[in-house]
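Enquirer:
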Amino acid sequence: MAYTSTIKGRNMRSIKKKVAEEMKRGHRGPDAGCPYHPSHFKGQDCTFCYCPFYPCNDTDLGADIGSKRGGTVWDCTDCLFIHRTNVCRFILSEFERQGITDPGDPRIPGILPEAKRRFFRTGRALMILGATSDAGKSVTVAALCRILSRKGHLVAPFKAQNMSLNSRVTRKGHEIAMIQVLQAMAAGIKNPDYHMNPILLKPKGDTVSQVMVEGRPFGDYDVGRYYGEFVPGPGREIVKRNADFLKARYDFVIMEGAGSPAEINIYDRDIANMGAARLADADCILVVNVEWGGAFAYALGTLELLEDQDRRRLKGIILNNVRGDPSRMEDGARRLEEIAGVPVLGIVPHADVRLPTEDSGSFRGRDSVGSGRIKVAAIKLPRIANFTDLDPLFLEDTTVKFVTDPREIPGFDAIIIPGTKNTVEDLAWMKESGMADAVKAMKGKVPILGICGGYQMMGRTLRDPKGLEGSRPGTHEGLGLFDTETEWDEYSKRVRQDSAVLISTGEPVDGYEIHMGMKVRDGEAPLFRVDNFNESFDEGSVREDEMLFGSYLHGLLDRPAFRRYFLSFASSGEGEVGTEDYDRDVDENLDRLADVFESSLDMDALMGILGVRP
Numbered sequence: 006m007a008y009t010s011t012i013k014g015r016n017m018r019s020i021k022k023k024v025a026e027e028m029k030r031g032h033r034g035p036d037a038g039c040p041y042h043p044s045h046f047k048g049q050d051c052t053f054c055y056c057p058f059y060p061c062n063d064t065d066l067g068a069d070i071g072s073k074r075g076g077t078v079w080d081c082t083d084c085l086f087i088h089r090t091n092v093c094r095f096i097l098s099e100f101e102r103q104g105i106t107d108p109g110d111p112r113i114p115g116i117l118p119e120a121k122r123r124f125f126r127t128g129r130a131l132m133i134l135g136a137t138s139d140a141g142k143s144v145t146v147a148a149l150c151r152i153l154s155r156k157g158h159l160v161a162p163f164k165a166q167n168m169s170l171n172s173r174v175t176r177k178g179h180e181i182a183m184i185q186v187l188q189a190m191a192a193g194i195k196n197p198d199y200h201m202n203p204i205l206l207k208p209k210g211d212t213v214s215q216v217m218v219e220g221r222p223f224g225d226y227d228v229g230r231y232y233g234e235f236v237p238g239p240g241r242e243i244v245k246r247n248a249d250f251l252k253a254r255y256d257f258v259i260m261e262g263a264g265s266p267a268e269i270n271i272y273d274r275d276i277a278n279m280g281a282a283r284l285a286d287a288d289c290i291l292v293v294n295v296e297w298g299g300a301f302a303y304a305l306g307t308l309e310l311l312e313d314q315d316r317r318r319l320k321g322i323i324l325n326n327v328r329g330d331p332s333r334m335e336d337g338a339r340r341l342e343e344i345a346g347v348p349v350l351g352i353v354p355h356a357d358v359r360l361p362t363e364d365s366g367s368f369r370g371r372d373s374v375g376s377g378r379i380k381v382a383a384i385k386l387p388r389i390a391n392f393t394d395l396d397p398l399f400l401e402d403t404t405v406k407f408v409t410d411p412r413e414i415p416g417f418d419a420i421i422i423p424g425t426k427n428t429v430e431d432l433a434w435m436k437e438s439g440m441a442d443a444v445k446a447m448k449g450k451v452p453i454l455g456i457c458g459g460y461q462m463m464g465r466t467l468r469d470p471k472g473l474e475g476s477r478p479g480t481h482e483g484l485g486l487f488d489t490e491t492e493w494d495e496y497s498k499r500v501r502q503d504s505a506v507l508i509s510t511g512e513p514v515d516g517y518e519i520h521m522g523m524k525v526r527d528g529e530a531p532l533f534r535v536d537n538f539n540e541s542f543d544e545g546s547v548r549e550d551e552m553l554f555g556s557y558l559h560g561l562l563d564r565p566a567f568r569r570y571f572l573s574f575a576s577s578g579e580g581e582v583g584t585e586d587y588d589r590d591v592d593e594n595l596d597r598l599a600d601v602f603e604s605s606l607d608m609d610a611l612m613g614i615l616g617v618r619p
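Taking our numbering, the leading residue of the sequence shown gets 6, the next gets one more, and so forth.
1) I need the boundaries of the alpha helix (DSSP H) containing L284, first residue and last residue.
2) Counting C-beta neighbours from all protein chains within 10 Å, is the total for F100 16 or more, i.e. buried, or is it exposed?
3) In the DSSP assignment, find the beta strand (DSSP E) that holds A130 and state where it starts and stops.
4) DSSP on A267, reduced to helix/strand/coil?
5) Taking 9 angstroms as the cut-off, decide whether the C-beta atoms of Q166 and A287 are in contact.
6) Residues in the same chain with beta-carbon distance under 7 angstroms from G377, minus the five sequence neighbours each way, listed in chain order, please.
7) How long is the line joining the alpha carbons of I422 and I456, rounded to whole angstroms?
8) So, does the segment 307-323 touch the segment 155-172, judging by three or more C-beta pairs under 8 angstroms?
9) Residues in its own chain within less than 6 angstroms of R151 by CB, not counting five upstream and five downstream?
10) By the three-class DSSP mapping on this structure, what secondary structure does V358 have?
11) Roughly how many angstroms separate the alpha carbons of P411 and M440, rounded to a whole number?
12) Is A390 helix, strand or coil when you go by DSSP?
13) Verify whether the separation of the beta carbon atoms of M28 and P57 is less than 9 angstroms.
14) By DSSP's criteria, V78 is part of a beta bridge. Which residues make up the other side?
15) When the distance is taken between beta carbons, is W79 closer than 9 angstroms to C61?
16) Check whether the Cβ atoms of G424 and F399 lie closer than 9 angstroms to each other.
17) What's the gap between the Cα of R241 and the Cα of T77?
18) Identify every residue that forms a DSSP beta bridge with I456.
19) Could you pull out every residue in the same chain whose Cβ sits closer than 8 angstroms to the Cβ of F368, ignoring the five residues on either side in sequence?
20) Quick one: grab the DSSP three-state call for P505.
21) Rounding to the nearest angstrom, what Cα-Cα distance links L395 and A566 in this structure?
22) Within 10 angstroms of the Cβ of T175, are there 16 or more other Cβ atoms? Answer buried if so, exposed if not.
23) Name the two residues that bound the continuous beta strand (DSSP E) containing S214.
24) For R564, tell me which candidate among A182, V514 and G416 has the shortest Cα-Cα distance.
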């Protein structure tokens with residue numbers, strides 16, 4: 006249990022009372038009946054929700070942070086130690102052995118050092134490298150996280166440096182890559198945090214990215230400055246600090262590389278692959294996508310370009326994404342082992358699972374998903390971001406097509422303008438390509454939804470006097486579908502999770518905001534009512550009579566309520582929509598993914614690499 010205000014007097018007495026209640030109850034284990042279970046990780050022991058050692062002042066388990074009331078307070082938000090079953094059982098046995106019944110007993114603090122000596126261990130790191138981009142690193146990490154979690158281990162994902170425009174917001178309001186959130190879900194982690202993706206690069210152009218550090222904007226860097234200043238400056242220390250943080254709390258940290266580890270042009274400045282492996286002291290496994298062809302050459306070429314110190318870290322190879330009979334790869338796998346001197350840990354068949362993808366580039370020529378009755382046009386903006394907002398539509402009777410040609414627009418039943426990393430630049434593309442006129446012509450004919458940057462575009466005016474959104478400073482005319490105005494006046498970003506209700510039905514909707522630019526005029530009826538812990542406010546815009554909808558909430562389609570509401574305007578009433586739970590679907594697909602990997606890998610060899618004895 007973490008506390009955010011100074012603990013003294015009445016507050017401390019309240020904590021001791023809670024501990025007393027938990028001591029009387031005895032060992033309970035996971036409390037699935039608690040509305041907050043699991044608050045940390047799947048299967049956690051809830052015997053002590055309120056820690057009997059608080060405040061322990063052990064810097065391995067917590068830290069002093071500034072209090073809103075002044076001074077400092079002991080924060081143990083990230084401590085998992087008290088929620089391990091073996092720890093809880095030991096503590097309760099000591100209470101019984103020593104006859105401790107009072108939570109204020111002075112003997113209680115003395116139990117923690119022995120519990121820590123017995124059960125606190127620094128976790129081991131394993132890095133999944135890819136011979137190429139799209140080798141299957143992300144899904145391999147997700148699969149291993151789920152496999153290890155199912156075996157009862159505490160496991161966390163980690164990607165030192167990710168480049169992605171698909172991001173999510175953590176409970177504490179930090180921004181990390183969406184794929185690390187998915188991997189954390191696979192690991193059974195309830196609330197992922199920025200430690201799992203401490204550096205996030207969000208491209209703003211061909212050579213410039215916004216650098217996010219530990220979930221917050223750090224600055225804009227071109228390639229030269231990033232590798233010349235950031236990496237040798239704060240970069241390496243950031244990676245090590247966060248890798249060490251996770252290793253101190255989890256049994257295993259499954260790391261994901263970025264691209265290829267054999268990029269010899271930046272090898273000495275790498276913090277995403279072997280550089281991160283060195284900082285975390287991680288063994289490595291190389292994943293090769295067989296579907297691409299040339300798998301054996303990719304594997305051997307990668308090994309040949311690694312420095313000796315790094316090649317020694319490589320403990321295995323996975324031949325991934327084999328379509329057809331995996332046995333046809335066995336002779337090649339044995340020959341690869343002979344030449345490389347590295348064991349092939351498994352030949353993994355193509356896993357037919359439905360999971361979010363990391364990048365829009367992963368479509369690789371595929372411009373539509375599904376074959377359903379309701380045809381949805383998703384405008385494929387040049388700088389499209391958080392396009393996984395659309396993934397829940399794949400559960401429905403829909404065909405979702407990513408559209409770049411305005412001539413196609415009249416043939417759809419619904420239109421979605423998704424988020425973008427650069428609203429102003431992508432609005433200019435909308436106008437120059439004719440897409441803006443095509444979308445406006447569908448007003449009142451089909452439902453049109455704008456999400457985040459797409460919502461900003463739907464307004465009357467967008468003002469960016471300082472050019473914070475790109476290279477077009479000034480005032481820009483929007484699509485004029487809503488009577489709203491947006492302004493960018495400072496280099497800052499709103500990042501937060503929101504709990505809301507759909508005003509028209511009163512049903513719950515969850516989402517998160519990640520955007521620069523704020524509304525300065527809103528002449529529309531709100532779409533949602535947000536009711537967060539400490540604030541309530543109206544959000545979004547709606548004109549039901551014209552079938553226009555707009556919101557800053559990413560993830561608004563995840564829950565069935567808004568999906569059903571929006572698609573009702575596009576549907577003729579045939580069939581049911583908005584009945585499936587998206588999170589449950591993702592979880593089931595993670596289990597199927599893990600099953601494929603677990604049945605295909607030499608699990609004894611893998612667990613041996615991790616130091617787990619049979």
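Every residue, glycine too, gets a C-beta built ideally from N, C-alpha and C.
Owing to the predicted nature of the structure, the values given are computational and were not obtained by experimental measurement.
Expert: To lay it out plainly:
1) M279 to A285
2) buried
3) R129 to G135
4) Looking at A267 - three-state DSSP - the assignment turns out to be coil, as it is neither helix nor strand.
5) no
6) Contacts found: E401, D402, T403 and T404.
7) 6 angstroms
8) no
9) Excluding sequence neighbours, R151 sits near A191, L595 and A599.
10) coil
11) About 5 angstroms.
12) strand
13) yes
14) I70
15) Yes, the pair counts as a contact, with Cβ atoms nearer than the cut-off.
16) no
17) 29 angstroms
18) S556
19) The pLDDT assigned to F368 is 44, lower than 50, so where the model puts this residue is not dependable, and the model offers no usable value.
20) For clarity, residue 505 is Ala in the given sequence; the question names Pro instead. The answer is strand: DSSP assigns A505 an E or B state.
21) 15 angstroms
22) buried
23) V213 to V218
24) V514
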